[in-house]
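Right, one structure below, let's go through it.
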Amino acid sequence: MQVKSRHHLRSDDVSEVESAIADQLGVDLDGDAYELVELDGSEFDLVLVDGDPQVCYVEDEPFLTVAGANAHEVTRRVVTVDAGAISFVSGGADVMRPGIVEADSAIAAGDLVVIAEETHGKVLAIGRALTGGDDMVGDSGKVVESLHHVGDDLYEFKV
Numbered sequence: 009m010q011v012k013s014r015h016h017l018r019s020d021d022v023s024e025v026e027s028a029i030a031d032q033l034g035v036d037l038d039g040d041a042y043e044l045v046e047l048d049g050s051e052f053d054l055v056l057v058d059g060d061p062q063v064c065y066v067e068d069e070p071f072l073t074v075a076g077a078n079a080h081e082v083t084r085r086v087v088t089v090d091a092g093a094i095s096f097v098s099g100g101a102d103v104m105r106p107g108i109v110e111a112d113s114a115i116a117a118g119d120l121v122v123i124a125e126e127t128h129g130k131v132l133a134i135g136r137a138l139t140g141g142d143d144m145v146g147d148s149g150k151v152v153e154s155l156h157h158v159g160d161d162l163y164e165f166k167v
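Residue numbers for the sequence shown follow the working numbering, so the first one is 9 and each next one is one higher.
Have a look at this one:
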């Protein structure tokens with residue numbers, strides 16, 4: 009991925025990003041410097057918080073990257089998967105009901121979510137919920153579409 013442009017965010021844009029992340033995930037970013045990085049050949053734009061790629065725009069909606077979610081304690085919109093799902097989710101697979109052990113009941117279909125593993129709480133991926141959190145645990149069916157995961161181009165991006 010090549011950088012198309014890079015510039016500092018205005019204070020009102022910073023407030024918008026911080027508010028969105030706090031409202032969605034219960035995370036206080038509290039950075040000193042925010043830069044928007046537009047990427048060629050990617051569906052995402054990145055926001056560097058103090059030089060680290062912690063936020064991405066998914067269809068104009070700011071949300072934490074996998075690295076950003078692992079740098080903070082996310083308290084909302086978390087889908088937790090069992091050990092058997094780790095290799096699949098880390099490889100970019102969509103999340104299926106049998107692999108889910110817990111999901112935030114406040115998740116609505118269409119919400120962006122953080123996908124974490126149950127043993128250490130490490131975030132493996134970011135996805136879009138296809139159903140509500142109350143309906144995620146079960147026997148069959150795809151419930152989260154994977155958008156960004158450990159090891160993908162966005163995760164490997166270096167400034």
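C-beta atoms are modelled at their ideal positions from N, C-alpha and C, and glycine is treated no differently.
Would you call residue i buried or exposed, if buried means 16 or more other Cβ atoms sit within 10 Å of its Cβ?
| i | result |
| --- | --- |
| residue 154 | buried |
| residue 62 | buried |
| residue 85 | buried |
| residue 128 | exposed |
| residue 73 | buried |
| residue 124 | buried |
| residue 107 | buried |
| residue 142 | exposed |
Starting from residue i, trace the alpha helix (DSSP H) both ways and give me its first and last residue.
| i | result |
| --- | --- |
| residue 26 | 19 to 33 |
| residue 13 | First-last for residue 13: 10 to 16, but that is the beta strand (DSSP E), not the alpha helix (DSSP H). |
| residue 97 | 94 to 98 |
For a test of the three-state rule: what should DSSP assign to residue i, helix, strand or coil?
| i | result |
| --- | --- |
| residue 58 | coil |
| residue 7 | Since the first residue of the chain shown is 9 and the last is 167, residue 7 is not available in this structure. |
| residue 74 | helix |
| residue 82 | coil |
| residue 135 | strand |
| residue 53 | strand |
Distance, Cα to Cα, residue i vs residue j?
| i | j | result |
| --- | --- | --- |
| residue 37 | residue 97 | 26 Å |
| residue 110 | residue 59 | 33 Å |
| residue 51 | residue 147 | 32 Å |
| residue 44 | residue 150 | 33 Å |
| residue 162 | residue 94 | 19 Å |
| residue 132 | residue 88 | 10 Å |
Looking at the unbroken beta strand (DSSP E) that takes in residue i, where does it start and where does it end?
| i | result |
| --- | --- |
| residue 110 | 108 to 111 |
| residue 167 | No beta strand (DSSP E) contains residue 167, which DSSP labels as neither H nor E. |
| residue 151 | 150 to 157 |
| residue 123 | 120 to 125 |
Any beta carbon from chain B within less than 9 Å of residue i's own beta carbon?
| i | result |
| --- | --- |
| residue 99 | Protein chain content of the structure displayed is limited to a single chain, and chain B is not contained in it. |
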